[in-house]
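K.L.:
So that we are looking at the same thing, I have put the structure below in structure tokens.
2 protein chains.
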Amino acid sequence: HTHSFKTSDNLMLRYILGEDDDMPTPTLFTEMDTLQHDGDEMEWKESARWVKFEEKVEEGGERWSKPHVSTLTLHSLFELRTCIQTGSVLLDLEGYSLPQIVDDIVDRQVADGLIGPELREKVSFVLLRKHRHQHKKPIHLSLADMGKSNNSPTSEFCVECNRKWCVSTCFSYDVSDPAQSRSMNDISDKPSTDQMKNKFMKKIPRDAEASNVLIGEVDFLDKPFVAFVRLAQATTLGGLTEVPVPTRFLFVLLGPHGKGKSYNEIGRAIATLMVDDLFSDVAYKARDRDDLIAGIDEFLDEVIVLPPGEWDPKIRIEPPKKVPSADMRKSVLNLNELGQVNGTGTAGGPGGGEDEEMFCGGLWLDIKRKVPWILSDFSQGFHIQSISAVLFIYLGCITNAITFGGLLGDATDNYQGVMESFLGTALAGTVFCLLGGQPLIILSSTGPILIFEKLLYEFCKSNTIDYMELRLWIGLHSCLQCLILVATDASYIIKYITRFTEEGFSSLISFIFISDAIKKMYYPINRVFKPDYVTTYRCECIAPDQGDHLSVTGPTLLPRVYLPSPCTYNITGLDWSQLSKKECVKYGGALLGNACKYVPDLALISFILFFGTYSMTVSLKKFKTSRYFPTKCRSLVGDFSIIISILVFCGIDYLLGLDTPKLHVPTEVKPTRPDRGWVVMPFGKNPWWVYVASAVPALLVTILIFMDQQISAVIVNRKENKLKKGCGYHLDLFWVGILMAVCSFLGLPWYVAATVISIAHIDSLKMESESSAPGEQPQFLGVREQRLTGILVFVLTGVSIFLAPVLQYIPMPVLYGVFLYMGVASLAGIQFWERIKLYLMPAKHQPDFSFLRHVPLRRVHLFTLVQIICLAVLWTLKSTVAAIIFPVMILGLMVVRKMMDLMFSQHDLAWLDDILPEKDKKKEKDGKKKKDHKRTKAAEPESDEEPKSPLPPPVKIPMDTIDLPSAPDPSVTPPTQPPV
Amino acid sequence: HTHSFKTSDNLMLRYILGEDDDMPTPTLFTEMDTLQHDGDEMEWKESARWVKFEEKVEEGGERWSKPHVSTLTLHSLFELRTCIQTGSVLLDLEGYSLPQIVDDIVDRQVADGLIGPELREKVSFVLLRKHRHQHKKPIHLSLADMGKSNNSPTSEFCVECNRKWCVSTCFSYDVSDPAQSRSMNDISDKPSTDQMKNKFMKKIPRDAEASNVLIGEVDFLDKPFVAFVRLAQATTLGGLTEVPVPTRFLFVLLGPHGKGKSYNEIGRAIATLMVDDLFSDVAYKARDRDDLIAGIDEFLDEVIVLPPGEWDPKIRIEPPKKVPSADMRKSVLNLNELGQVNGTGTAGGPGGGEDEEMFCGGLWLDIKRKVPWILSDFSQGFHIQSISAVLFIYLGCITNAITFGGLLGDATDNYQGVMESFLGTALAGTVFCLLGGQPLIILSSTGPILIFEKLLYEFCKSNTIDYMELRLWIGLHSCLQCLILVATDASYIIKYITRFTEEGFSSLISFIFISDAIKKMYYPINRVFKPDYVTTYRCECIAPDQGDHLSVTGPTLLPRVYLPSPCTYNITGLDWSQLSKKECVKYGGALLGNACKYVPDLALISFILFFGTYSMTVSLKKFKTSRYFPTKCRSLVGDFSIIISILVFCGIDYLLGLDTPKLHVPTEVKPTRPDRGWVVMPFGKNPWWVYVASAVPALLVTILIFMDQQISAVIVNRKENKLKKGCGYHLDLFWVGILMAVCSFLGLPWYVAATVISIAHIDSLKMESESSAPGEQPQFLGVREQRLTGILVFVLTGVSIFLAPVLQYIPMPVLYGVFLYMGVASLAGIQFWERIKLYLMPAKHQPDFSFLRHVPLRRVHLFTLVQIICLAVLWTLKSTVAAIIFPVMILGLMVVRKMMDLMFSQHDLAWLDDILPEKDKKKEKDGKKKKDHKRTKAAEPESDEEPKSPLPPPVKIPMDTIDLPSAPDPSVTPPTQPPV
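For the protein sequence lines, the chains are A and B, in the order given. Read left to right, the first sequence gives residues 1 to 980 (full-length UniProt numbering). Read left to right, the second sequence gives residues 1 to 980 (full-length UniProt numbering).
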């Protein structure tokens with residue numbers, strides 16, 4: 001009976017398909033046409049089509065349904081099996097035109113005695129009726145069409161060549177003269193223009209061939225007429241198919257009236273089979289009827305069955321995100337391993353895929369890996385997405401440059417100011433993006449460096465050491481130390497940076513980003529203002545006491561240096577009440593009044609701009625997956641969401657005309673402090689021992705730079721980003737070191753990889769596949785890995801000085817809104833974050849994460865708790881002066897992670913984190929581990945994301961047919977089998 | 001062969017289940033336990049359970065999976081069939097304890113020769129091992145548990161009685177002495193405390209019985225041991241089941257090692273079958289093995305098959321929103337009609353279900369319909385949801401009362417002001433909710449009435465007619481006319497109010513609501529303020545010229561009447577610069593300065609409060625369906641979302657302390673205008689002919705009231721709201737008329753149903769089913785139809801005068817935010833709105849609306865376009881003085897709808913709208929139509945929402961087995977059937 005056809009099928013299928021499966025068979029496009037009667041007229045009307053999933057013609061709606069998974073009935077599959085068993089099967093028929101093929105089919109049927117010869121003409125006539133296809137029309141045509149027809153549904157089936165339907169030719173049905181209709185068939189041999197114009201063609205692979213399913217009820221038959229035809233050569237059979245694809249297969253089912261529904265289901269069943277990868281292979285290679293039956297049986301054996309009480313058959317199931325590859329089913333020998341595909345290419349920790357290469361050659365290997373991509377590093381940059389990415393990252397960079405420039409200026413008495421910050425960013429960024437190992441990394445000033453500079457300047461001032469010269473020497477030492485780290489392949493340490501460390505670091509940086517952005521939004525609000533007492537609110541400039549004139553000018557002397565106003569101004573002659581706030585302060589007046597410290601509306605408009613920019617960006621990003629507008633338009637809006645939001649809120653700000661703080665860039669190229677030049681001289685100002693001793697602070701800087709740089713690189717090189725050009729940790733570090741030296745000579749700030757902006761850079765360059773078959777989900781393909789966007793960003797930063805007239809319209813709150821977005825976006829998709837959310841969810845509502853299937857919830861919570869505690873400690877530390885050793889604390893994170901090996905089993909850690917490498921002593925075990933790993937995968941078919949570590953070796957269970965005792969009781973017989 | 005068991009099965013099943021299916025069989029809870037080995041120890045461990053859907057134990061995660069649809073393999077179903085065919089089937093076994101049952105099973109197996117007698121002890125021993133169940137633990141326990149166990153996955157299977165697992169007793173496995181283990185079985189007879197405490201019990205229906213599936217691999221068998229047992233009486237078998245539910249069925253499958261996976265699938269198959277409504281019926285009623293086989297075959301015939309290439313078997317399918325009822329499958333005779341259930345109770349237009357009743361008796365029938373509900377009208381109000389509803393609607397009502405009161409006061413020189421508005425709202429609302437036909441309707445002032453009053457007052461003033469007296473007479477005439485309309489059953493007209501009219505009206509009202517709310521948000525912003533010139537901003541009070549003193553006091557005389565300040569104040573002695581704005585104006589000073597007309601921060605804080613209240617309400621509503629927090633907590637937050645948002649933003653407003661406009665209610669009960677009393681006298685002030693002539697304007701008011709009232713009632717009574725207590729159009733109108741007269745006597749405004757607030761009232765009282773089986777979706781059950789919330793709202797409105805100290809903390813922008821929410825929410829779910837969205841969607845992204853399946857897109861667009869044009873015309877009209885005839889324009893809408901019968905086919909209109917009744921001449925056709933309708937439904941099984949009109953009569957296709965020609969060629973045989 002049926003259940004045991006499995007093993008025999010496997011052997012049979014293997015035989016049919018052949019051991020070597022080198023020549024892939026073409027993709028099949030299947031169209032199902034049903035016979036429509038309108039009085040005496042008949043025609044074939046397209047009722048469904050399959051590329052991979054089913055699309056049905058909605059009769060009343062005159063439209064295609066959404067692509068959906070074909071839900072069949074078991075009944076129809078068994079009926080189909082019977083059809084193939086009893087009908088005519090014509091394999092490798094030489095066919096050049098439909099009439100000839102129809103002749104051959106009918107001849108065979110008559111020869112087999114399946115129909116009487118008197119039906120020959122009638123059957124041929126029916127099979128040669130014209131085919132009407134459902135076409136999508138552009139919407140403007142549909143609108144123009146509106147109101148034209150006021151027809152009832154039946155009149156839609158009239159045979160006029162109206163615009164809704166494309167027909168090849170129109171003939172009237174003359175039943176009295178079959179001979180005439182025989183020659184005057186409705187099918188032309190050439191593809192019609194409608195076929196050629198059909199835009200659906202682009203959804204079908206180029207090499208595709210068609211299979212046509214024809215289902216109809218006729219009055220002259222008293223039993224079904226079934227034929228399955230495979231042509232020797234795929235042939236374009238006129239208007240048979242809606243697209244100009246040559247037909248290879250033909251399935252015909254004609255039967256007496258009254259069972260149309262059942263026939264229809266059989267048609268859907270064969271159509272679904274034809275688009276099944278494995279069955280279509282079988283259909284191409286079958287030598288006889290039995291091979292086809294074996295194919296059906298294999299299909300039956302693999303079908304997924306939903307119980308009728310738990311599912312409504314009327315629900316159209318959306319295509320899944322991923323379907324198992326048919327290759328698994330094709331490798332017939334090990335059918336048991338079905339469902340263990342879904343392979344992620346490279347397992348192992350971040351960058352771990354190239355471990356071997358990286359540690360035995362370092363820099364040289366990095367360069368070797370990068371050279372082949374030189375051309376594509378630029379050519380891949382030419383894409384509309386790049387424009388958005390460049391603008392987005394550019395705005396992020398200059399905001400950063402201005403913020404850090406201002407802070408550095410305060411910290412170093414303008415030895416390094418906004419101007420230096422801009423030039424340094426431009427220089428370092430351009431060089432790194434042009435020559436670095438991972439050009440997606442964006443260099444920027446970071447907090448720890450800022451704190452270091454501040455401490456260094458204070459030290460210099462109190463010890464009267466020349467700051468710029470000392471800094472130069474520290475930079476040189478640090479550069480040297482970096483180069484030593486490069487030479488000794490010290491980047492080995494990143495092997496110990498697992499998800500735990502990565503997540504801790506990037507969350508912390510994101511939080512800092514977010515909190516900085518929010519802190520900038522504080523403006524005082526006048527909360528005691530009462531509109532009724534508006535008459536009492538004022539801010540007046542009060543002249544200083546007459547006797548104090550000389551002493552008052554004292555404190556204002558310094559600022560006056562920078563002001564164009566002449567010092568010779570006669571202070572006593574001033575009309576004090578007419579002075580502006582600045583002037584008042586300048587001339588030593590006192591500002592008196594309850595309105596002085598408030599700017600009305602400023603706080604709230606800033607909040608609106610800040611929060612508005614953020615939420616509009618988020619909404620526009622989401623718009624990408626909405627239902628509205630065509631895909632192209634949506635993805636454009638999604639890509640440019642940040643730019644659009646910035647423009648919109650700059651516009652709002654401009655229209656409101658309130659005096660919000662704006663982005664002001666320097667407009668002249670000169671050092672911020674007039675008493676320094678562009679080049680720092682290495683000798684002359686400090687005693688000689690300073691040159692040597694500076695190696696000690698340089699060590700701190702080196703660790704700082706190294707950790708900051710490498711962990712950011714690890715995050716960028718995450719395997720989730722599917723980078724294809726490989727990493728270049730050594731090359732990265734090499735250039736960071738060189739740039740340190742250069743910047744030190746020029747008196748510019750030092751630069752290192754900026755985590756959040758780099759993540760934003762990657763996010764703005766993500767590629768998705770354009771889905772091919774209708775209903776297939778677009779897949780994340782990877783990132784546009786190129787150097788062009790980075791270079792452009794930094795070149796733009798360099799020339800920002802000339803862009804000042806444009807940039808001054810951008811309010812700072814808008815830019816901080818962008819920062820907020822960057823911070824929040826870089827948190828998204830971190831597993832740590834998902835695990836924190838689990839705390840708030842009752843177990844039954846938790847999403848089906850694979851780690852939850854394999855690790856007890858309380859262990860997951862414990863792991864998350866450890867991470868939260870670490871993060872809290874780091875946050876507390878970074879708020880103190882200890883922030884300078886902040887990157888060193890990452891080492892602390894790695895130590896904590898190492899200790900967690902004691903708290904958690906390796907099994908749990910494999911699911912929640914990665915397994916730490918165990919130095920050389922385990923090196924030889926590596927090969928074995930990988931094997932273990934594979935076996936693990938095989939044993940857990942339900943895991944869609946496999947852990948990166950060995951699980952306990954499972955028992956491999958062959959899933960053969962169950963050996964039940966053959967019934968000793970003669971009353972127990974196999975199910976009754978009525979003859980066909 | 002298999003495909004043709006259908007017809008014979010049908011007959012057989014009918015026979016098994018019996019013609020009358022009166023006694024329903026209990027619901028089955030199924031638990032599947034698998035045998036676990038740990039060294040020599042063995043125990044049964046729960047691995048999955050079914051109430052309706054499958055829940056699996058996640059091995060590693062130690063948790064229950066989400067409930068999902070059981071996806072089976074065809075293979076396992078066929079293997080199960082074989083198992084039942086060849087194994088032991090013991091029906092109606094007398095069993096009182098597990099050991100005795102096991103004895104019986106083993107005896108039978110030995111008797112049938114299926115196992116040798118030497119295995120008797122071993123099998124019994126295995127079957128009597130203890131059962132370990134997966135229990136959900138509350139999260140705090142899990143957290144406390146954290147870190148306790150650092151076990152590897154294998155150690156989880158140890159037999160200790162740890163807290164994770166509940167075991168009945170602990171025994172060691174002594175394989176050398178089977179006799180001892182025989183007596184010392186692990187099963188106790190009483191339900192354990194863990195069983196009793198299991199909270200899962202509440203998910204299982206009370207009458208439920210259990211079926212236990214035991215699957216295991218053992219080393220002493222060489223062929224499977226299969227037994228299916230039905231007990232004569234459901235018996236609690238100790239710790240066999242995780243919940244204290246008596247066991248009725250037992251399925252045992254033991255087999256040799258190596259095929260555990262296959263056994264597991266068979267176990268899942270039988271478990272899924274046992275929870276299938278139809279199969280469980282069969283299992284209860286089966287008389288022998290063949291009946292069970294027939295049940296399996298019926299199940300197989302109904303299963304839904306997913307092709308392996310289009311679906312990934314690893315995906316767990318979420319339970320669908322609705323599954324077809326098994327009753328359809330049970331009515332075996334007409335199995336073809338499967339899938340046409342989903343019946344919506346009453347078809348026809350809104351309120352159409354009770355047409356017959358409504359037109360032949362009107363008011364009397366309404367009362368008759370309402371009387372039986374008197375008690376439940378109050379008892380159903382006691383629910384926590386009512387509190388939220390009352391507060392929400394109360395705030396809406398008083399905001400409305402204040403807004404309209406203010407406008408009415410302006411329009412009528414305070415003859416009707418805020419005080420009258422409050423009292424009138426309270427009076428009319430309370431009476432209507434207490435006695436009206438549809439107590440969910442909220443009465444309120446509406447725009448057209450306001451305009452009418454304004455015109456009337458102007459007319460009176462210019463013609464020196466007494467306004468209040470004229471108004472009284474108009475009210476009396478109008479009341480009389482309403483009563484005539486009630487008596488003549490004029491509410492018949494609502495039959496012509498189809499979806500088209502309804503949507504047009506409610507969208508328009510919503511738009512007006514939204515635009516009014518937004519308009520209130522305009523405050524001027526000082527856009528020229530420059531912070532630097534803050535010194536020049538001021539607003540000073542300038543004393544009037546000395547010579548103008550007397551003339552200046554002139555214009556301020558009138559306001560001074562209401563001010564407490566004494567007129568004798570010496571103006572010349574004032575320090576003008578110290579005066580507040582109000583005082584300055586009062587004493588005739590001039591305000592001079594550029595700061596006078598601005599209130600800083602007011603515009604923006606108002607915007608933030610307004611928009612914040614709106615968006616927080618929307619987010620909290622959405623929160624109801626999020627994953628976070630337990631369902632109860634979420635639904636509470638969802639229900640109270642508006643109150644929470646109002647409180648939050650009142651708090652923010654309070655903290656910021658800005659002078660936003662607040663809700664000020666009158667605090668004293670006295671007429672707004674001091675020269676009017678509380679009662680209007682009907683005679684004396686106007687000439688006699690005015691009393692008669694006032695019937696003419698009254699006619700306009702009556703039409704106004706009638707249309708406004710009835711269309712709002714139609715919208716409230718929409719069948720989507722699933723109201724159970726019926727409508728009461730005549731009773732509604734009766735009370736509106738009476739209230740008009742009363743209000744006219746008291747000089748209060750007139751009231752009529754307010755669409756938007758009524759919709760909000762209904763929305764806040766919606767009930768959802770508490771889902772029972774895990775995975776079942778909650779269903780919308782209807783609305784808490786009661787009078788309590790309405791009455792409370794209006795009583796609260798009445799006593800608002802005493803609530804003034806609390807209400808004054810509520811800023812008006814927050815309340816307008818609530819208005820915005822009401823307006824937007826009342827738009828949601830309108831099909832018109834969905835159809836407008838379709839314009840923006842490419843056809844392939846459009847949602848699967850049933851009307852899109854049956855009406856061509858361009859016809860849908862055309863229909864929507866007509867609606868949009870109508871709406872635009874109405875909007876334009878209502879912005880002019882023509883607004884007074886606004887409700888009359890609804891008649892215009894109905895005329896447009898009537899004309900659309902010429903543009904659209906009845907088929908299209910049936911899907912997009914409702915079919916208009918065609919007066920008496922078609923009455924006799926009604927019966928016929930309904931029949932047609934039913935046939936249509938039968939023919940279109942895929943439509944989940946049937947149109948309310950006849951479709952062209954379809955051909956009814958019986959879906960029997962296809963009659964294929966019996967093969968004349970002897971080589972074509974049925975599929976080979978290897979013996980079992």
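Glycine included, every Cβ here is placed at the ideal spot set by N, Cα and C. Just so we're clear, the structure is a prediction, and the values are computed from it rather than from any experiment.
Less than 8 Å between the beta carbons of residue 1005 (chain B) and Ile393 (chain B), yes or no?
P.N.:
Chain B is shown only over 1 to 980; residue 1005 (chain B) falls outside these bounds and no answer can be derived.
K.L.:
Just by C-beta distance, which residues in the region 302-314 of chain B are closer than 8 Å to chain A?
P.N.:
Listed by position along the chain: Glu302, Val303, Ile304, Val305, Leu306, Pro307, Pro308, Gly309, Glu310, Trp311, Asp312, Pro313 and Lys314.
K.L.:
Is there at least one Cβ from chain A nearer than 8 Å to Gly60 (chain B)'s Cβ?
P.N.:
Numbered from its first residue, the second sequence carries residue 60 (chain B) at position 60. Closer than 8 Å to some Cβ of chain A, the Cβ of Gly60 (chain B) qualifies, so yes.
K.L.:
Would you decide whether Gly352 (chain A) is buried or exposed? Buried here means 16 or more other CB atoms lie within 10 Å of its CB.
P.N.:
Position 352 of the first sequence, counted from the first residue, corresponds to residue 352 (chain A). Bear in mind that the predicted position of Gly352 (chain A) carries a pLDDT of just 40, short of 50, making it too unreliable to give a figure here.
K.L.:
Please identify the residue among A:Ile652, A:Ser462 and A:Trp311 whose C-alpha is closest to the C-alpha of Pro319 (chain B).
P.N.:
Reading the second sequence from its first residue, position 319 is the one you call residue 319 (chain B). Of A:Ile652, A:Ser462 and A:Trp311, the residue nearest in Cα terms is A:Trp311.
K.L.:
Please tell me whether residue 984 (chain B) and Pro682 (chain B) are closer than 8 Å, where the distance is taken between their beta carbons.
P.N.:
As displayed, chain B neither begins before 1 nor continues past 980, which places residue 984 (chain B) out of reach and without an answer.
K.L.:
In three-state terms, what does DSSP make of Ser88 (chain B)?
P.N.:
Walking along the second sequence from the start, residue 88 (chain B) turns up at place 88. It is a strand residue.
K.L.:
Going by beta carbon distance, what residues of the same chain come within less than 8 Å of Lys724 (chain B), once the five residues before and after it are set aside?
P.N.:
In the second sequence, counting from the first residue as 1, residue 724 (chain B) sits at position 724. Cβ within range, chain order: Gly782 and Glu785.
K.L.:
Are Thr613 (chain B) and Ser580 (chain B) touching if we call contact CB-CB under 8 Å?
P.N.:
Looking up residue 613 (chain B) in the second sequence gives position 613. Looking up residue 580 (chain B) in the second sequence gives position 580. No. Outside cutoff.
K.L.:
Rounded to whole angstroms, what's the CA-CA distance from Arg268 (chain B) to Asp708 (chain A)? Just pull it up for me.
P.N.:
The residue given as residue 268 (chain B) occupies position 268 in the second sequence. The residue given as residue 708 (chain A) occupies position 708 in the first sequence. Going from the Cα of Arg268 (chain B) to the Cα of Asp708 (chain A) covers about 53 Å.
K.L.:
Taking Cβ-Cβ distances below 8 Å as the criterion, which residues of the region 62-82 of chain B are in contact with chain A?
P.N.:
The residues in question are Glu62, Arg63, Trp64, Ser65, Lys66, Val69, Ser70, Thr71, Leu72, Thr73, Leu74, His75, Leu77, Phe78, Glu79, Arg81 and Thr82.
K.L.:
Would Asp377 (chain B) pass as a contact of Arg787 (chain B) if the rule is Cβ separation under 8 Å?
P.N.:
Along the second sequence, one-based indexing puts residue 377 (chain B) at 377. Along the second sequence, one-based indexing puts residue 787 (chain B) at 787. Yes, Cβ-Cβ distance for Asp377 (chain B) and Arg787 (chain B) is below 8 Å.
K.L.:
Quick check: what's the CA-CA separation for Gly790 (chain B) versus Ser70 (chain A)?
P.N.:
Within the second sequence, the letter at position 790 stands for residue 790 (chain B). Within the first sequence, the letter at position 70 stands for residue 70 (chain A). Roughly 51 Å separates the two Cα atoms.
K.L.:
For Arg316 (chain B), would you say it is in contact with chain A, using Cβ-to-Cβ distances shorter than 8 Å as the test?
P.N.:
Translated into the one-based positions of the second sequence, residue 316 (chain B) becomes position 316. True, the Cβ-Cβ gap to chain A drops below 8 Å.
K.L.:
Quick one: is Lys520 (chain B) near chain A, going by C-beta distance under 8 Å?
P.N.:
Walking along the second sequence from the start, residue 520 (chain B) turns up at place 520. Not an interface residue.
K.L.:
Whole angstroms are fine: how far does the CA of Ile869 (chain B) sit from the CA of Met841 (chain B)?
P.N.:
One-based indexing of the second sequence puts residue 841 (chain B) at position 841. One-based indexing of the second sequence puts residue 869 (chain B) at position 869. When rounded, the distance between both Cα atoms is 20 Å.
K.L.:
Among A:Leu128, A:Lys199 and A:Leu857, which residue has its Cα nearest to the Cα of Asp103 (chain A)?
P.N.:
As a position in the first sequence, residue 103 (chain A) is number 103, starting the count at 1. Closest option to Asp103 (chain A), Cα to Cα, is A:Leu128.
K.L.:
Find out if the Cβ-Cβ distance for the pair Trp64 (chain A), Val275 (chain A) is shorter than 8 Å.
P.N.:
As a first step, residue 64 (chain A) must be located in the first sequence, where it is residue number 64. As a first step, residue 275 (chain A) must be located in the first sequence, where it is residue number 275. Their beta carbons are not under 8 Å apart, which means Trp64 (chain A) does not touch Val275 (chain A) by this criterion.
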